[in-house]
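Sequential numbering from 121 applies to the sequence shown in this note's numbering.
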Amino acid sequence: MTQHFRYPTKEEAIIIDSINGISIHSYTIAVGTIVQPKNVRFVSRISMNRVCIYLTDKALVQELTDRTIEVEGHKLTIRPLVNHSKRMLISNVCPTITQEEIIQELNKLQVQPVSQITFVHSGLKNRGYENVFSFRRQVYVKANDIEKIPPKLEIEHDGMTYTLYFTTEKLTCFSCKEEGHIAKYCRNTEEPPRSTNKSVEVEHATEDIAAAAESLPLPTEEVAKTTASATTTKATEDNSLALMSKSLLASTTMKRQLSSPSPTKEKPPLQKDQTRKIYSVFSPKQPTEPATKRSKQIEQHPSLQEVKGNLEPARNYLETNKSLYPLDFNSLSVMLHQTYGASNVYTIVKKFTTDTEALSAMLSITKQLVTCNNLKQRIHRIIKKLADLDEPHVRRWQQERLRQAAINKLCPPWVETDPGYVPSCTENVFLDEQFSFSELNIALEDKNEKSAPGLDGTGFDIIKKLPIKLKLILLDIFNEMYTLEVYPEAWKEVFVFLIPKPGGQGLRPVSLTSCFCKLFETMMKNRLQWWAEVNDWIPKDQHGFRRGHSCVDNMTGLFLMVEGAFRRSRDVLTAFLDVEGAFDNVNVDILLERLASLGCTRRIVKFVQFVTRERLIFTEGATAAMRLCKGFADDVSVSVEAADPADGVVALESAIKTLGENLDIIGLGISPFKTKLIHFNDRNIQPGRQRIKIREHVVSSCSHTKFLGVIFDYRLSFKEHINYVKKKCTSTMNIMKFLCGTYWGSHPDTLLILYKSYIRSIMDYGSFIYLPKNKQDKLKLERIQFAAIRCALGYRMSTPTNILLAEAKMFSFEERTKMLGKAYIAKALSNSNFEVTLKIEEFYAAHGGRRLPNRCLFTCMASIYNAETRVHSSRRFNPYNHNYHTLTFTAETDASLGHEIKNSPDPDLALCERLEAEQTLPVYTDGSAGRQKSISTNLGHKERLASYENNNPGKKVSLLWIPSHIGIVGNEVVDAVAKEATRNQPPNPAFAPFSDLSENFALEAKNNSNDKNMDEGRDKGKQYFEEFYSTRSTPWFSNVNLPRRHIVMINRMRANHTCLAESLERKNIIPDSRCRCGYEKENLNHILWDCRLYQTQRKVLLEKLKKIGLFPPLNVERLIACPTIEACTILCDYFIGLGSASLTMAVRSRGPKSESK
121 MTQHFRYPTK EEAIIIDSIN GISIHSYTIA VGTIVQPKNV RFVSRISMNR VCIYLTDKAL
181 VQELTDRTIE VEGHKLTIRP LVNHSKRMLI SNVCPTITQE EIIQELNKLQ VQPVSQITFV
241 HSGLKNRGYE NVFSFRRQVY VKANDIEKIP PKLEIEHDGM TYTLYFTTEK LTCFSCKEEG
301 HIAKYCRNTE EPPRSTNKSV EVEHATEDIA AAAESLPLPT EEVAKTTASA TTTKATEDNS
361 LALMSKSLLA STTMKRQLSS PSPTKEKPPL QKDQTRKIYS VFSPKQPTEP ATKRSKQIEQ
421 HPSLQEVKGN LEPARNYLET NKSLYPLDFN SLSVMLHQTY GASNVYTIVK KFTTDTEALS
481 AMLSITKQLV TCNNLKQRIH RIIKKLADLD EPHVRRWQQE RLRQAAINKL CPPWVETDPG
541 YVPSCTENVF LDEQFSFSEL NIALEDKNEK SAPGLDGTGF DIIKKLPIKL KLILLDIFNE
601 MYTLEVYPEA WKEVFVFLIP KPGGQGLRPV SLTSCFCKLF ETMMKNRLQW WAEVNDWIPK
661 DQHGFRRGHS CVDNMTGLFL MVEGAFRRSR DVLTAFLDVE GAFDNVNVDI LLERLASLGC
721 TRRIVKFVQF VTRERLIFTE GATAAMRLCK GFADDVSVSV EAADPADGVV ALESAIKTLG
781 ENLDIIGLGI SPFKTKLIHF NDRNIQPGRQ RIKIREHVVS SCSHTKFLGV IFDYRLSFKE
841 HINYVKKKCT STMNIMKFLC GTYWGSHPDT LLILYKSYIR SIMDYGSFIY LPKNKQDKLK
901 LERIQFAAIR CALGYRMSTP TNILLAEAKM FSFEERTKML GKAYIAKALS NSNFEVTLKI
961 EEFYAAHGGR RLPNRCLFTC MASIYNAETR VHSSRRFNPY NHNYHTLTFT AETDASLGHE
1021 IKNSPDPDLA LCERLEAEQT LPVYTDGSAG RQKSISTNLG HKERLASYEN NNPGKKVSLL
1081 WIPSHIGIVG NEVVDAVAKE ATRNQPPNPA FAPFSDLSEN FALEAKNNSN DKNMDEGRDK
1141 GKQYFEEFYS TRSTPWFSNV NLPRRHIVMI NRMRANHTCL AESLERKNII PDSRCRCGYE
1201 KENLNHILWD CRLYQTQRKV LLEKLKKIGL FPPLNVERLI ACPTIEACTI LCDYFIGLGS
1261 ASLTMAVRSR GPKSESK
């Protein structure tokens, strides 16, 4: 049957629109009643809500095309799957002519378009002009209808007659109607008649040209040339200018043969050869060599006005930054005009400027802005010639220019230096009280000891090592400054490093400020942040720069909104806005007024004024005053849900206008050029259909854009983002490949840490949002992890993926994504006043009763809501549910007691004696953290210790470290109680903190991933899962001091994917599995214990194994099931001693390419 089976072609298929609720069988029966059931071969639903049916013959498709059938009361039109249509270009179309008018004219010709009529772009590539269209449109029609459409068509519109021209994608001549050329180069037109008699046409043409020549300000010689060259046959009006220009250049040889034209004198008849010579000069079909050469020279020498016109796209930039460059716009235009045809460009350049470095940088930027290719080539040649003169100086000047631009951005010329203005502020006892020692310690604990110091040279590593006495002095100084509102001028001095941005797009400033100033800022920030959160100063929809919030909150909110709209058959229009100068142009006075209006005290406002209004920055060879602004995000999204996209556009424009007005109040604005618009829909409405206007700038909808690091597309498929992640991870994985080979390089532990830090972190970000629905896209992400594990552990490409995950002790990417999604939703639900929480609850309430979309986030959502234990919720995130004293509570730890009683003959007695002399509130601990000088415990412990201290006024809590298991009765009793509590698991509570549930999510992901690996182990990797698999949480080689070569060899042995013949034959790399000694299978046990080729090496092997207590009979599975350093070293040294030839066999491959060891 298979041999005689005929596969269908696409020409034998028809398509019908699919209606929701109608089964596929109804479509099949409806078509079968027309063509008979035996003529229906295949049927299925396909994309874009269509049903595709394959028939037995093309003739049936032609018979059914455009025919209407009735399916369960719905009348549907049958269309062919493959529609051989052609693209028609419509030229000279006035923009006021509607598409419907053109379609009506085509219908009169019995032409039915198969697509919508769309506008054709003008081709402008200048930034901000991408929305400009030309007077041309395009449409697709059936191939059979091409002949019905005339080359031009007249249409009545608005009381006038317009002529539209129709052409296909091929060039069409309007003279001969043939394709392949245009009328200008047509060779099918008849030649003009060659006159041998008196030529009246020559006389009239000569008179006209002579009169025109007399009126032009030309030298006498040029007038003579013009007059003499005018003798020709009558020229047509269409090419008269071209013929005249050619005659002015090419017919100077005819002066002596022709007389001056006279309106009264009759001209003598021309000879035949003279006429032919004159005609050859004027004919466009037979141009002479001088005319062609001269015309090219004219095209290469544009006029000054043409040069200025071509430079127009760069005018705005050059005039704005004219202080940076040696020439203005007009001087640059004149210089470029004079360089055309010049042999020595540098001579002309020196007339305008001697600063060739600055000019080269100016020309480089101008070249990127202009669109004329001829001018770009001219500028490129000038830059190249200037670079050959002094290229290092050009680079130095470019670096200096970028440096100066970065400094000007940090220190604008309008920077204010008068700090006298302070708005009126209210009093607040909490904000104005003295800082405590606990606040200083907490702020200091958050600082990195490796942070670079400021100009004073004192880093956090020194501050942290200060004794308590000096820290208390430092705290007194801070409190004195805060009270007097006076701060050191040295804190204003900042050293700035300018680091190049990727792609040479500028310099990024990195500032080094005083560590004492940063420490005081952190103390102020912690207090002000707690007060702002507790008093709800910050809007709910702001997620940046807030504890417990992140960028993922914004993405989740947008994702839920779009998915909810899709479920309601509605669209979402989202504008991704960019705030201009969010980090550069903030008005400090407005900032201070807003802080004062919120309730900040004068002390806080004065300090903010001190650190933001003016600072003195130092760079290499420069000093300037700068205004510093921080804490503003410039990525904003505005979304509107609507059933009609037109209504959504109106609402979105109104919202953006309101936002722009509010930004204007604080000195900011929206950048229309960086704004992106996406029309989210599941109705296959293509990008570009919707447009919004921002400050007279039209923004068209696009297919995708990056928002907070994730690429959103209009269908919410995230395919572009998956490809982006794959590309970025593949590039980062080159670091791992650089650090190791198969048998050399870094330890697998180090490489796995590198993978988790630099590659998996890229995949994890927002993964529960973008995780795809289909398996193929999921597999793309899983393969990134598989490739990293193979690289780190040295496995062969043939090693099963379930062994990779089981040996590296990692979850599959899908299970890890679900774990992250559940943890995120649990954290969100712990705050009942959280904006994302409200959206999650609203979405689940609306769609939870029905089947949720097949998305990872919704799967996690259903799992959380259906769990037995619910998330404990409060009005705020946990840190802000406690008072400030509890958050800042710290307890000093004393380890001297532990060292004292450790060597005591009676530890219990020594402890009792110390307890009687203790003046503080002692709390004993045997944990390793108790040996530190101070400890900040978790919030629960802090709350209990703070309450203990408050109930005993006048005394401070102190943590006393004691050693464990040395005979202290109280400590032994507490340990016994703790162990008993772990054995008796309590029932699942009704509510639990989200942090406790996160541990359950991780355990669930681990179990699911292990179960999946075990299930797959029945078919692939069976030997590994039967003999070597373990449920331990770390790999067998973790913290094992073995060289990489040995670890890789053991890994391959455990996976049974070695380079021995039995393994290679199993993967069809070599034809058979026989050993060279003749044994039927060359496997590990045979090579180790039986092969007669290696008897000498085997004796040494057995002797070494006996020394570590391993005696025959032995098998390799026993040795590598729980590998030890000694056994692994002995086995690997044995195989290394055998040599590579004995391990790989002679490659007798008859099929696939063999893999190297």
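Cβ atoms here follow ideal geometry from the backbone N, Cα and C, with glycine treated the same way.
Continuous alpha helix (DSSP H) stretch holding residue i: start and end
{"i": "PHE1231", "result": "Careful: PHE1231 lies outside any alpha helix (DSSP H) and carries neither H nor E."}
{"i": "SER453", "result": "449-459"}
{"i": "TYR985", "result": "976-985"}
{"i": "LEU1123", "result": "1114-1136"}
{"i": "LYS938", "result": "933-949"}
{"i": "VAL708", "result": "708-718"}
Range covered by the beta strand (DSSP E) that runs through residue i
{"i": "ARG257", "result": "253-262"}
{"i": "ARG690", "result": "Premise fails: ARG690 is in no beta strand (DSSP E) and is neither H nor E."}
{"i": "VAL231", "result": "Careful: VAL231 lies outside any beta strand (DSSP E) and carries neither H nor E."}
{"i": "ALA762", "result": "755-762"}
{"i": "SER820", "result": "817-820"}
{"i": "PRO128", "result": "Per DSSP, PRO128 belongs to no beta strand (DSSP E) and is neither H nor E."}
{"i": "ASP833", "result": "830-833"}
Classification of residue i by the beta-carbon crowding that lies within 10 angstroms, buried from 16 upward
{"i": "ILE527", "result": "buried"}
{"i": "GLN497", "result": "exposed"}
{"i": "SER881", "result": "exposed"}
{"i": "ALA966", "result": "exposed"}
{"i": "ASP691", "result": "buried"}
{"i": "ASN1091", "result": "buried"}
{"i": "LEU336", "result": "For LEU336, the predicted model reports a pLDDT of 37, less than 50, meaning its position is unreliable; a value from the coordinates is still stated below. By the neighbour-count rule (16 or more Cβ atoms within 10 Å), LEU336 is not buried but exposed."}
{"i": "MET374", "result": "Note that MET374 scores a pLDDT of 35, beneath 50, so its modelled location is shaky; the value from the coordinates is reported in the next line. Buried."}
{"i": "THR895", "result": "First, the amino acid is wrong: residue 895 is Lys here, not Thr. The residue in question, LYS895, is exposed, as its Cβ has fewer than 16 Cβ neighbours within 10 Å."}
{"i": "ALA941", "result": "According to the sequence displayed, residue 941 carries Gly and not Ala. Answer is buried; the Cβ neighbour count reaches 16."}
{"i": "GLU1200", "result": "exposed"}
{"i": "LYS796", "result": "buried"}
{"i": "ALA1125", "result": "buried"}
{"i": "ILE136", "result": "buried"}
{"i": "ALA1110", "result": "exposed"}
Sub-8 Å separation of residue i and residue j beta-carbons
{"i": "VAL259", "j": "PRO233", "result": "yes"}
{"i": "PHE793", "j": "GLY248", "result": "yes"}
{"i": "GLY626", "j": "LEU522", "result": "yes"}
{"i": "THR578", "j": "PHE636", "result": "yes"}
{"i": "VAL231", "j": "ILE275", "result": "no"}
{"i": "ILE776", "j": "ILE790", "result": "yes"}
{"i": "TYR915", "j": "ASN1171", "result": "yes"}
{"i": "LEU456", "j": "VAL427", "result": "yes"}
{"i": "VAL454", "j": "LEU424", "result": "yes"}
{"i": "LEU560", "j": "LEU595", "result": "yes"}
{"i": "LEU913", "j": "GLU935", "result": "no"}
Beta-bridge pairing of residue i - partner residues as DSSP gives them
{"i": "TYR174", "result": "ALA133 and PHE162"}
{"i": "TYR147", "result": "Answer is none; TYR147 lacks a bridge partner."}
{"i": "THR1045", "result": "TRP1081"}
{"i": "GLY865", "result": "CYS860"}
The ligand NAD heavy atom lying under 7 Å from the CB of residue i
{"i": "SER1158", "result": "What this structure holds is no ligand at all, so the ligand NAD is not there to describe."}
**Contact between the segment 946-966 and the segment 1162-1172 (3+ Cβ pairs under 8 Å)** = no
**Prompt:** Is the number of C-beta pairs between the segment 1127-1137 and the segment 912-923 that are closer than 8 Å three or more?
**Reply:** They touch, by the three-pair rule.
**Request:** Assess, as a yes-or-no matter, whether the segment 869-876 is touched by the segment 824-837 under the definition of 3 or more beta carbon pairs within less than 8 Å.
**Result:** no
**Asked** Counting Cβ pairs, one atom from each stretch, are 3 or more of them under 8 Å apart for the segment 1144-1154 and the segment 1210-1222?
**Response** Below 8 Å, too few C-beta pairs join the segment 1144-1154 and the segment 1210-1222 to call them touching: fewer than three.
**Message:** For the structure I just gave you, are there three or more beta carbon pairs, one from the segment 155-166 and one from the segment 210-218, closer than 8 Å?
**Reply:** no
**Asked** Is there contact here, the segment 143-156 with the segment 178-197, by at least three beta-carbon pairs under 8 Å?
**Response** yes
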